[in-house]
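Engineer:
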Amino acid sequence: MSHRVVLGLCGPPGSGKSTLAERIAAHLGAHLSVAIVPMDGFHLPQAVLRERGLRDVMGRIDTFDAEGYLEVLRRLREPGVTVRAPGFDRTVEEPVPDAIEVRPEVELVITEGNYLLDDAPPWDQVRSLLDDVWCVDLDDDVRRERLLRRHVAFGKTEDEARAWMERVDEPNTDRVRAGFDKLNRRRPFA
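In structure tokens:
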């Protein structure tokens, strides 16, 4: 194999990208070596978001380290190297440096996130670094209910969660769906 296969899962917030990535990895893990590198690890740290006045829109495209994400994707294309990537701790909403190790023997890397098909620079480079991209989407009522439960589970009140969804998650959903015409596969996921 000349390089690892890198599969992208793209979809709006709450669509099931992380769950699908875990299911694919669990299913294929008996047959090949799989790693998951979520885009969430490339959230800018809270201190940077506060400094830039972006804390209240965390999750928007400009609250991620796009260049760092691109660099990891480029390194994943190199045969025979170990690549370290950040994870993300949802309980404190912070990236965790070097939390994920992708060893040379890993054959499939699944990366999942909102902006894999976005046209804005430098995000427009992501697609060329992936072997395939699948879009994960589902009914808006189900997706919104999942988001509400997730936000509440991680400390927001229902009112705070609904306000966040309206201010951040729904505009992100519109942006992500605008890129669906570029996808290779669309997977409804419940």
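For reference, each letter of the sequence shown is one residue, going 0 to 189 in this note's numbering.
Think of the CB as a built atom: it goes at the ideal place given N, C-alpha and C, for glycine as much as any other residue.
Less than 7 Å separating the beta-carbons of L107 and V33?
Structural biologist: In contact: L107 and V33 (Cβ atoms closer than 7 Å).
Engineer: Express the C-alpha separation of G86 and V80 in angstroms, rounding to a whole number.
Structural biologist: Their backbone Cα atoms lie some 19 Å apart in a straight line.
Engineer: Three-state secondary structure (DSSP) at D136?
Structural biologist: Residue state, collapsed to three classes: strand.
Engineer: Count the other CB atoms within 10 Å of the CB of A25; is the residue buried (16 or more) or exposed (fewer)?
Structural biologist: Answer is exposed; the Cβ neighbour count stays below 16.
Engineer: Within a Cβ cutoff of 7 Å, which residues of the same chain sit near T18, ignoring the five residues on either side of it in sequence?
Structural biologist: So the list is empty, once near-sequence residues are dropped.
Engineer: Relative to the ligand NAD, is the shortest distance from any of its heavy atoms to the C-beta of E70 smaller than 6 Å?
Structural biologist: Within the structure as shown, the ligand NAD is missing, as the structure has no ligands at all.
Engineer: Mind checking R3: buried by the 16 CB within 10 Å criterion, or exposed?
Structural biologist: Buried: at least 16 other Cβ atoms inside 10 Å.
Engineer: Terminal residues of the continuous alpha helix (DSSP H) containing R176?
Structural biologist: Per DSSP, R176 belongs to the alpha helix (DSSP H) from E169 to A177.
Engineer: If the criterion is Cβ atoms closer than 7 Å, does the pair M164 and L146 meet it?
Structural biologist: Yes, these two residues count as a Cβ contact at 7 Å.
Engineer: Just reading off the alpha helix (DSSP H) that G67 is part of, what are its end residues?
Structural biologist: Run containing G67: A65 to L75, per the alpha helix (DSSP H) assignment.
Engineer: Which first and last residues belong to the alpha helix (DSSP H) in which R22 is found?
Structural biologist: Residues K16 to L27.
Engineer: Which same chain residues end up closer than 7 Å to K155 when comparing Cβ atoms and leaving out the 5 residues on each side of it in sequence?
Structural biologist: Same-chain partners within the cutoff: W163.
Engineer: On the three-state DSSP scale, how would you describe V56?
Structural biologist: Residue state, collapsed to three classes: helix.
Engineer: Where does F153 land, buried or exposed, given buried means 16+ other C-beta within 10 angstroms?
Structural biologist: Label assigned to F153: exposed.
Engineer: DSSP puts P94 in a beta bridge; with which residues?
Structural biologist: Per DSSP, F87.
Engineer: So if DSSP puts G7 in a beta bridge, which residue, or which two residues, is it bridged to?
Structural biologist: T110 and V132, per the DSSP bridge assignment.
Engineer: Can you tell me the Cα-Cα spacing of V175 and R49, whole angstroms?
Structural biologist: Using only the alpha carbons, I get a separation of about 24 Å.
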